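For the sequence shown, position 56 (counting from the first letter as 1) is numbered 80 according to this note's numbering, and the numbering increases by one without interruption.
The beta-carbon is built from N, C-alpha and C at its ideal position, and this holds for glycine as well.
Quick caveat, the model's predicted, so the values are computed rather than measured.
Heads up, the thing below is written out as structure tokens.
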Amino acid sequence: MAVHPIDYRYGSEEMRKIWDEGNKLQKLLDVEAALARAHAQLGNIPKESAEIISKRANIKHVRLERVKEIEREIHHDIMAVVKALTEVCGDHGRYVHLGATSNDIIDTANALLIKESLELLLKDLRDLRSILKKLARKHKYTVCIGR
């Protein structure tokens, strides 16, 4: 069942791909990776750990199925992502999610998804503007009631 109109009737395939579970998971992982890199730059965690976390923070290593499995056990979506990422990072996993709240990760990932959506919408709007300009030029002398 669709959650919102973009999921079914009014959404394009490109937009559905942006809001797909896999892409949402990837954005959460991107935020966790960025957090680890920031901690390494500040000297809070070893650079090697940040590198490992960043390399493993992708859906090739952190499988959506595994995240869902963990979530069924612990009933917490973000902690399921954290635990799944921690599992694939070995000893370096202890630095995953350091100092963050769930909402820090969710809000930032959602902002990335919204940005990606807006980029798609802007492209579509530019295309529409171009089409409308051509039609306006083509029909500039067309008589129209109420014009």
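The beta carbon of VAL112 lies closer than 7 Å to those of ARG80, HIS85, VAL86 in the same chain, with the five residues before and after it left out. For ILE155, the enclosing alpha helix (DSSP H) has its first and last residue at 126-162. If you look at ASN47, you'll find it in the alpha helix (DSSP H) that goes 45-65. The beta carbons of ASP101 and GLU93 sit no closer together than 8 Å.
Cβ-Cβ distances below 6 Å link HIS121 to VAL106 in the same chain, with the five nearest sequence neighbours on each side left out; the list follows chain order. Following the DSSP letters along the chain, one finds ARG40 inside the alpha helix (DSSP H) bounded by residues 37-42.
Three or more beta-carbon pairs separated by less than 8 Å are not found between the region 155-167 and the region 62-81, which leaves the two stretches without contact. By the Cβ neighbour-count rule, LEU149 is exposed, with fewer than 16 other Cβ atoms within 10 Å of its own.
Close CB contacts of THR110 within its chain, under the 7 Å cut and outside five residues either way in sequence, are with GLY117, VAL120 (chain order).
The C-beta distance from ILE129 to GLU56 rounds to 7 Å, short enough to fall under 8 Å. Taking all protein chains in view, the Cβ of LYS157 is surrounded by fewer than 16 other Cβ atoms within 10 Å, so the residue is classified as exposed.
When the beta-carbon positions are compared, LEU137 and LYS41 stay at least 8 Å from each other. Residue environment: LEU152 is assigned as exposed (fewer than 16 neighbouring CB atoms within 10 Å of its CB, all protein chains considered).
For THR110, the enclosing alpha helix (DSSP H) begins and ends at 101-112. Annotated as distal: LEU88 and GLY35, with beta-carbon spacing of 8 Å or more.
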